[in-house]
Each structure stands twice: as C-alpha cells, then as structure tokens.
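Numbering (this note's numbering), first residue to last: 1048 to 1281.
Next up, the structure:
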C-alpha cells in the first residue's frame, strides 16, 4: 500500500533521514519505533508532504506521490493525527470534527461520520460545545484521532498518540488503533512506547539517528535482543 524507498529528508542544511526504506501493507498496522530525535516525525511529515524530500520516493497504492502536495495526498487517502494532538483550541469539539472533513462535499455522509465517531468516543459528545482547549490531554487525543478519521482515510498516520498520557489512556489508544484497522483503515504508527505499539502491530521497524536499523514482523522484532533491552526493558 505504502512504499518508501531510499528516502532522504532535510530541514535546512541538516539531513535528518538518511535513505530509509520501508513498506506498510494494506489492512495491517505498521509501527516505526525509535527514541526521541530518531526522525520518526520527519518520516510522517514526509509521507504527508510536509517535509523536504531531497532523494528517494514514496508510492501509495501504486501511485508516485513524492512530489504531490499535502492536499493531493489527503485526496489519495492519507491522513495524519499529528504529534502533540494540535487540536484547534478555541474551536468547539463539533467544529474541530467538522474541519476534519473540509475536503469533502458529501454533507449527509459527513453528518453520518460525525455520529459514528461520537459513538466511538462518547466523551466527545459530553464535550460537544466546549472549546477544545478545555479538554484533558486524553480527551484532546480522542478528538485529534476522530478529526483525522473524518477525512475517511485509506491509511491513518498516527504520530506518537500515547505521548504524555496516563497508562490507562495509553491502553485506550491501543484499543483505538485496533479498532481503526478492524474498520478497514490501514495504520502507520510512530511511537516511543514500544510495549503498546508492538502489542497492536503486524510489522515493525526501528529507526535510530535517521536510519532504519531493524525491520521485520512484530514477533521477529520483539525477540531481538537489542529491542528487548533498549525498548522493552527485558
């Protein structure tokens, strides 16, 4: 579904991704693990067209999207739930959700999706007319995920969704990732929380200092001695 080949990304004169290659298959959850500063968010931004690609290619469903704009990539079926949630703080929960479907014109289907997502995340209904700034961190994360799903993506990009959340909410995030995949949307998940990420993924890559240092099925990665000692605390 998504194929990244020999991808180099730079911010100004600093190269942050050094020729990484990976695939994310349709109907699966693929996780990219790595420490802070490894290049995980740069990878996500490159996939959505928000980072400067200097070399390499990105293909989605057989279409080369390397030079497409973010808008074109969203129309292809890619959507991002960004690191740090980045909800619109002064807008209500309802308005944040509606903005998630801003490229759609099917009004009745948009309303239907809003109703469906409120069933997924009942807390949002309770906060319906409140500014997003008034929500807790976990509630804002629920809103950010729901807003992303309003575009009806074929592939959902989740950038550090568990960051800064309490353990109970981290567990909830894992359940949501599974539900997204069960509903037919493929997932590319970037995480520092290896235990949660590996519990919900089919395939895993380890990114360190801008390079892929390990890749394989989740079970293969789980049994790697370095992954166990550095990421899983075994």
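Even glycine gets a Cβ: it sits at the ideal position worked out from N, Cα and C.
Handout entry: Own chain residues within Cβ distance below 8 Å of residue 1194, not counting five before or after
Key = Locating residue 1194 in the chain shown gives position 147, where the first residue counts as 1. Excluding residues within five positions, the ones whose Cβ falls inside 8 Å are 1128, 1134, 1143, 1144, 1146 and 1147.
Handout entry: Cβ neighbours of residue 1113 in the same chain (closer than 7 Å, five flanking residues each side left out)
Key = Taking the chain shown and counting its residues from 1, the one referred to as residue 1113 is at position 66. Here the set comprises 1100, 1104 and 1105.
Handout entry: Chain-order list of residues whose beta-carbon lies under 6 Å from that of residue 1073 (same chain, five-residue window excluded)
Key = Residue numbering aside, residue 1073 sits at position 26 when the chain shown is read from its first letter. Taken in chain order, the residues that qualify are 1048 and 1233.
Handout entry: Which listed residue (1258, 1107, 1158 and 1210) has its alpha carbon closest to that of residue 1200
Key = If you number the chain shown from 1, residue 1200 lands on position 153. Minimum Cα distance to residue 1200 is reached at 1107.
Practice task
Can you say whether residue 1136 is buried or exposed, counting buried as having 16 or more other CB atoms within 10 angstroms of its CB?
Solution key: Here the question's residue 1136 lines up with position 89 in the chain shown. With fewer than 16 other Cβ atoms within 10 Å, it is exposed.
Handout entry: Outcome for residue 1276 when other beta-carbon atoms lying within 10 angstroms are tallied against a minimum of 16
Key = For this step, residue 1276 is matched to residue 229 along the chain shown. Exposed.
Practice task
Taking residue 1205 and residue 1081 to be in contact with their CB atoms under 8 Å, please state how far apart those CB atoms are, rounded to whole angstroms.
Solution key: What you label residue 1205 is simply residue 158 of the chain shown in a count that begins at 1. What you label residue 1081 is simply residue 34 of the chain shown in a count that begins at 1. So it is not a contact: roughly 15 Å between Cβ atoms.
Practice task
May I ask you to list the residues that DSSP assigns as paired with residue 1253?
Solution key: On the chain shown, position 206 is the one that residue 1253 refers to. BP columns for residue 1253 point to 1080 and 1261.
Practice task
Quick one: grab the DSSP three-state call for residue 1183.
Solution key: Looking up residue 1183 in the chain shown gives position 136. In this structure, residue 1183 counts as coil in the three-state DSSP scheme.
Practice task
Measure the CB-CB distance between residue 1251 and residue 1268 and report whether it falls below 8 Å.
Solution key: As a working mapping, residue 1251 is identified with position 204 in the chain shown. As a working mapping, residue 1268 is identified with position 221 in the chain shown. A contact, by the Cβ cut-off of 8 Å.
Exercise for the section: Go ahead and pull the three-state DSSP assignment for residue 1053. Expected result: Numbered from its first residue, the chain shown carries residue 1053 at position 6. Reduced to three states, the DSSP call for residue 1053 is strand.
Problem - Distance, residue 1256 Cα to residue 1065 Cα - result: In the chain shown, residue 1065 corresponds to position 18, counting from 1. In the chain shown, residue 1256 corresponds to position 209, counting from 1. Between residue 1065 and residue 1256, the C-alpha separation is close to 9 Å.
Practice task
Less than 8 Å between the CB atoms is what I'm expecting for residue 1207 and residue 1187, so what's the real figure, rounded?
Solution key: Start at 1 with the first residue of the chain shown, and residue 1207 comes out as number 160. Start at 1 with the first residue of the chain shown, and residue 1187 comes out as number 140. Between residue 1187 and residue 1207 the Cβ distance is about 13 Å, and since that is not below 8 Å, they are no contact.
Handout entry: Bounding residues of the alpha helix (DSSP H) (the contiguous stretch that carries residue 1216)
Key = Taking the first residue of the chain shown as 1, we reach residue 1216 at position 169. Per DSSP, residue 1216 belongs to the alpha helix (DSSP H) from 1214–1229.
Exercise for the section: Rounded to whole angstroms, what's the CA-CA distance from residue 1179 to residue 1093? Just pull it up for me. Expected result: One-based indexing of the chain shown puts residue 1179 at position 132. One-based indexing of the chain shown puts residue 1093 at position 46. Computed Cα separation, rounded: 27 Å.
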